[in-house]
Amino acid sequence: MNVEIAGENSLIIYFGETTDPLVSAQVQQAAARLETVMADALIDMVPSYASLLVIYDQHKTDHYAVRRHIRETLAQLGHTAQQAGQVITLPVYYSAESGPDLEALAENAKLTVAEVIRIHSEMEYRVYAIGFAPGFAYLGEVDPRIAAARLSTPRLKVPRGAVAIADRQTAVYPAVSPGGWNLIGLCPTRMFNPEADPTMPVQVGDRVRFSPIERAEFLALGGEL
Amino acid sequence: MSGFLVKQPGLLTLIQDAGRYGQHRIGLTTGGPLDGEAFNWANRLCGNELDASGLEVSIGGLVLEAQVDTALAVTGADMPFKINGQDVARWCTHKVKAGDKIELGFATSGSRAYLTVAGGFNVDQSFSSTATVTREAVGGLSGDKLKQGDLLPCQAHSPTELWALPESEQPDYNADVTLRVILGYQHQTFDSVQQRLFFSSEYALSSRADRMGFRLEGQPVKSQLNGILSEGICHGAIQIPADGQPIVLLNDRQTIGGYPKIGSVISRDTAHLSQRMPGAKIRFEEISLEKAHNINCLAQRRFINMSLQQIA
């Protein structure tokens with residue numbers, strides 16, 4: 364583990380260099396502990412795959428004290444990937460109509476569309492990070508057979524709810540946005556709703572399963588085509 | 399509640415408070431005023447708390463009509479400022495009455511002005527802040543920039559004292575900018591030659607500059623890494639993509655990104671950067687984290703202890 368300066372009031376802790384459930388669990392544990400021990404000297408934190416950005420109030424503390432909190436916290440971390448997060452099932456309408464890249468992805472992978480859907484929906488994914496946009500959860504890792512490089516030209520407009528694959532990551536777009544991931548379906552569940560409580564169905568450390576649904580069910584659940 | 403009616407919204411006028419904190423874990427960015435110094439002075443001139451809600455007026459073109467008697471102040475960029483058609487000074491408090499017309503013309507120096515009223519605008523918080531981030535459709539009146547016909551609610555106020563910031567404290571937005579940088583993040587992946595190139599070259603501010611980040615153009619700098627596992631990005635972080643051209647990330651940055659970063663610009667300097675127009679010349683200077691803490695702590699003491707001039 365390695366602590367680096369990030370900016371005038373932030374340090375970043377590196378727990379590893381790869382996507383790994385054990386490392387991700389340590390990031391979560393460290394975030395929870397630091398939130399308690401730093402109390403109101405903490406401004407914000409950004410947990411990601413293998414790092415934790417810690418932003419502190421430089422008028423209430425300093426980087427020496429924050430480094431001490433980090434050292435003490437890291438010394439007490441467990442070494443098991445305890446699955447504390449909840450399991451969330453997200454329904455997905457997979458089809459050429461809702462996922463314009465589904466057929467090309469299957470063709471490139473030398474699989475049938477049905478096999479791609481089965482492989483994507485039989486795995487359990489971990490929420491490694493939330494960022495890019497509010498509610499955008501980075502889920503990993505997809506089976507290598509259906510991993511797919513980003514589009515060479517990103518789309519200007521990806522619809523809300525688009526279920527997508529990029530390399531070995533998968534995600535559901537929480538809002539209409541530009542994007543270069545391969546679109547394979549649509550999820551009717553809102554991934555970010557400022558009016559709802561909680562605003563997001565998932566948080567970092569949770570596990571996600573995708574459950575295939577038919578067109579009629581997608582529409583009945585409030586999905587829009 | 400009454401307040402100020404938006405007759406003309408200007409090019410980009412946003413409701414801002416001190417920013418949105420503690421929400422990065424659901425992917426929400428910070429928002430808040432790009433030039434925090436000018437914003438803080440505007441609130442102090444109105445006797446407000448520093449997190450009161452005011453307006454960030456980019457480039458200009460704002461016309462408001464007061465529906466209440468109160469006091470207001472304008473700081474930041476030099477925009478022709480008129481009350482009922484009369485030129486009035488920035489960096490000081492003015493009394494206004496219901497029916498008064500408040501106009502901010504287009505910036506002649508700097509690019510962002512801050513307008514605050516006594517007591518602040520009374521806007522509902524979303525995610526513990528009123529800061530508007532249009533990309534996320536969060537904050538402000540409806541997650542968007544001001545529109546004609548919007549009402550900016552505030553309470554009537556009868557100010558007994560009016561204040562001005564001494565001229566010696568008012569910034570010069572035409573001065574050259576040297577951005578003080580704390581080395582950090584992936585700085586070791588920029589070898590000593592690349593670091594020397596970076597700190598000895600002059601960059602120009604590109605026209606691709608918005609509240610997410612300011613792109614600079616000039617001497618390319620290369621990291622030995624192409625990309626990194628996506629990680630949190632702090633305010634002021636200098637991201638260097640494969641084309642070698644630095645991007646200084648600001649208030650509306652995305653919370654997570656995957657480009658190598660050489661370090662971060664201190665917030666006092668991003669404030670001055672944000673006032674510059676495309677083409678402005680920019681240099682970087684390395685400082686230590688200790689020096690940055692000293693600069694920021696002393697600046698805070700100076701802000702707290704600086705006396706405003708009473709003008710009425």
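Respectively, the protein sequence lines represent chains A and B. The numbering used here puts the first residue of the first sequence at 364, with every later residue one more than the last. The numbering used here puts the first residue of the second sequence at 399, with every later residue one more than the last. All C-beta atoms in this analysis are idealised placements derived from N, C-alpha and C, irrespective of residue type, glycine included. All values derive from a computational prediction rather than experimental measurement.
Is any beta-carbon of chain B found at less than 9 Å from that of A/Thr436?
Position 73 of the first sequence holds residue 436 of chain A. So, not an interface residue.
At the level of alpha carbons, what is the spacing between B/Arg674 and B/Asp570?
Residue 674 of chain B sits at position 276 when you count from the first residue of the second sequence. Residue 570 of chain B sits at position 172 when you count from the first residue of the second sequence. Rounded to the nearest whole angstrom, the C-alpha separation of B/Arg674 and B/Asp570 is 11 Å.
Measure the C-alpha to C-alpha separation of B/Cys552 and B/Ser526 and round it to an integer number of angstroms.
In the second sequence, counting from the first residue as 1, residue 552 of chain B sits at position 154. In the second sequence, counting from the first residue as 1, residue 526 of chain B sits at position 128. One C-alpha to the other measures close to 19 Å.
What did DSSP end up calling B/Thr428 once you bin it into helix, strand or coil?
In the second sequence, counting from the first residue as 1, residue 428 of chain B sits at position 30. It is coil, neither helix nor strand.
Is the CB of B/Gly633 under 9 Å away from at least one CB in chain A?
Indexing the second sequence from 1 puts residue 633 of chain B at position 235. Inspection of the sequence shows that residue 633 of chain B is occupied by His rather than by Gly. Yes - at least one Cβ of chain A is within 9 Å of the one on B/His633.
If you run the structure through DSSP and keep just helix, strand and coil, what is A/Pro575?
By one-based count along the first sequence, residue 575 of chain A stands at place 212. If DSSP states are grouped into helix, strand and coil, A/Pro575 belongs with the strands.
Kindly say whether A/Gly494, judged by its beta-carbon, lies nearer than 9 Å to any beta-carbon of chain B.
What you label residue 494 of chain A is simply residue 131 of the first sequence in a count that begins at 1. Closer than 9 Å: yes.
Within the 9 Å Cβ cut-off, does A/Gly498 reach chain B?
The sequence position of residue 498 of chain A within the first sequence is 135, counting from 1. Taking Cβ atoms only, chain B reaches closer than 9 Å to A/Gly498, which makes this a yes.
Assuming contact is defined by CB atoms lying nearer than 9 Å, are A/Ala413 and A/Val390 in contact in what I supplied?
Looking up residue 413 of chain A in the first sequence gives position 50. Looking up residue 390 of chain A in the first sequence gives position 27. The beta carbons of A/Ala413 and A/Val390 sit closer together than 9 Å.
Please return the same chain residues whose Cβ sits closer than 7 Å to the Cβ of B/His585, not counting the five positions on each side in sequence.
Numbered from its first residue, the second sequence carries residue 585 of chain B at position 187. Excluding positions up to five away in sequence, the list reads Ile660 and Gly661.
Check whether the Cβ of B/Thr653 lies closer than 9 Å to any Cβ atom in chain A.
For the purposes of this step, residue 653 of chain B is identified with residue 255 of the second sequence, where counting begins at 1. Yes - at least one Cβ of chain A is within 9 Å of the one on B/Thr653.
Using only the alpha-carbon positions, how far apart do B/Pro618 and A/Leu468 sit?
Looking up residue 618 of chain B in the second sequence gives position 220. Looking up residue 468 of chain A in the first sequence gives position 105. If you draw a straight line from the Cα of B/Pro618 to the Cα of A/Leu468, it comes to about 36 Å.
Straight-line Cα distance separating B/Ala511 from B/Ser604:
By 1-based counting over the second sequence, the position of residue 604 of chain B is 206. By 1-based counting over the second sequence, the position of residue 511 of chain B is 113. The straight-line gap from Cα to Cα measures roughly 21 Å.
Hey, is the region 437 to 445 of chain B in contact with the region 461 to 472 of chain B, meaning 3+ C-beta pairs nearer than 8 Å?
Yes, the region 437 to 445 of chain B is in contact with the region 461 to 472 of chain B.
Contacting residues, own chain, Cβ-Cβ under 8 Å from A/Glu398 (five flanking each side not counted)
Translated into the one-based positions of the first sequence, residue 398 of chain A becomes position 35. For A/Glu398, the CB contacts under 8 Å within the same chain, skipping 5 residues up- and downstream, are Leu405 and Met408 in chain order.
Could one say the Cβ of A/Ala529 lies closer than 9 Å to chain B's Cβ atoms, at least one of them?
Taking the first sequence and counting its residues from 1, one reaches residue 529 of chain A at position 166. Using beta-carbon distances, A/Ala529 does not count as an interface residue toward chain B, since no partner is under 9 Å.
What residue range is occupied by the uninterrupted alpha helix (DSSP H) comprising B/Ala353?
Residue 353 of chain B is absent from the model: chain B starts at 399 and stops at 710.
How would you label A/Tyr427, buried or exposed, when you count the other beta carbons within 10 angstroms and need 16 or more for buried?
If you number the first sequence from 1, residue 427 of chain A lands on position 64. Exposed, since its Cβ has fewer than 16 Cβ neighbours within 10 Å.
Please check if any C-beta of chain A sits within less than 9 Å of the C-beta of B/Glu534.
Position 136 of the second sequence, counted from the first residue, corresponds to residue 534 of chain B. It does: the Cβ of B/Glu534 has a partner Cβ on chain A nearer than 9 Å.
Does the pairing of the region 530 to 543 of chain A with the region 499 to 511 of chain A give three or more beta-carbon distances under 8 Å?
These segments touch.
Taking 9 Å as the CB-CB limit, is A/Glu380 close to chain B?
Here residue 380 of chain A is taken as the residue at index 17 of the first sequence, counted from 1. Interface residue, yes.
Mapping DSSP to helix, strand and coil, what is B/His633?
What you label residue 633 of chain B is simply residue 235 of the second sequence in a count that begins at 1. In this structure, DSSP gives B/His633 a state outside helix and strand, which the three-state scheme calls coil.
Could you tell me if B/Cys632 is buried or exposed, where buried requires 16 or more neighbouring beta carbons within 10 angstroms of its beta carbon?
Taking the first residue of the second sequence as position 1, residue 632 of chain B is located at position 234. Buried, by the Cβ-count rule.
Return the Cβ separation of B/Thr587 and B/Leu623 in integer angstroms, given the expectation that the two are a contact with Cβ distance under 8 Å.
The count along the second sequence starts at 1 and reaches residue 587 of chain B at position 189. The count along the second sequence starts at 1 and reaches residue 623 of chain B at position 225. Between B/Leu623 and B/Thr587 the Cβ distance is about 5 Å, and since that is below 8 Å, they are a contact.
Nearest CA to the CA of B/Leu687: which residue from A/Leu474, A/Gly379 and A/Ala369?
In the second sequence, counting from the first residue as 1, residue 687 of chain B sits at position 289. Out of A/Leu474, A/Gly379 and A/Ala369, the CA that lies nearest to the CA of B/Leu687 is found in A/Ala369.
Taking B/Asp433 and B/Ala669 to be in contact with their CB atoms under 8 Å, please state how far apart those CB atoms are, rounded to whole angstroms.
Locating residue 433 of chain B in the second sequence gives position 35, where the first residue counts as 1. Locating residue 669 of chain B in the second sequence gives position 271, where the first residue counts as 1. About 4 Å; that satisfies the 8 Å criterion.
Give me the chain A residues within the contact set of B/Leu577, using Cβ-Cβ distance strictly less than 9 Å, ordered along the chain.
Position 179 of the second sequence holds residue 577 of chain B. For the C-beta of B/Leu577, not a single chain A residue is nearer than 9 Å; the gap to the nearest is close to 12 Å.
Let me check one thing: in DSSP terms, what residues is B/Arg613 bridge-paired to?
As a position in the second sequence, residue 613 of chain B is number 215, starting the count at 1. In the DSSP output, where bridge partners are listed per residue, B/Arg613 has B/Ile645.
Where B/Phe701 sits in the DSSP three-state scheme
In the second sequence, the residue the question calls residue 701 of chain B occupies position 303. When DSSP states are grouped into helix, strand and coil, B/Phe701 belongs to the helix group.
Chain-order list of residues whose beta-carbon lies under 6 Å from that of B/Ile580 (same chain, five-residue window excluded)
Reading the second sequence from its first residue, position 182 is the one you call residue 580 of chain B. Closer than 6 Å at the Cβ level, and outside the excluded window around B/Ile580, lie Gly661, Ser662, Leu687 and Ala690.
For B/Ser590, does the count of other Cβ atoms within 10 angstroms reach 16, so buried, or fall short, so exposed?
Position 192 of the second sequence, counted from the first residue, corresponds to residue 590 of chain B. Exposed: under 16 other Cβ atoms inside 10 Å.
Using three-state DSSP, classify A/Tyr427 as helix, strand or coil.
By 1-based counting over the first sequence, the position of residue 427 of chain A is 64. Helix.
Helix, strand or coil for B/Gln707 per DSSP?
Residue 707 of chain B sits at position 309 when you count from the first residue of the second sequence. If DSSP states are grouped into helix, strand and coil, B/Gln707 belongs with the strands.
Check whether A/Val526 and A/Gly548 have beta carbons under 9 Å apart
Taking the first sequence and counting its residues from 1, one reaches residue 526 of chain A at position 163. Taking the first sequence and counting its residues from 1, one reaches residue 548 of chain A at position 185. Result yes, Cβ atoms of A/Val526 and A/Gly548 sit closer than 9 Å.
Against B/Gln698, what residues of chain A qualify as contacts under a CB-to-CB distance less than 7 Å, listed in chain order?
Taking the first residue of the second sequence as 1, we reach residue 698 of chain B at position 300. Those are His422, listed as they occur along chain A.
Closest by C-alpha distance to B/Leu627, when choosing among A/Ile375, A/Thr382 and A/Asn372
Indexing the second sequence from 1 puts residue 627 of chain B at position 229. Taking B/Leu627 as reference, the option from A/Ile375, A/Thr382 and A/Asn372 with the minimal CA-CA separation is A/Thr382.
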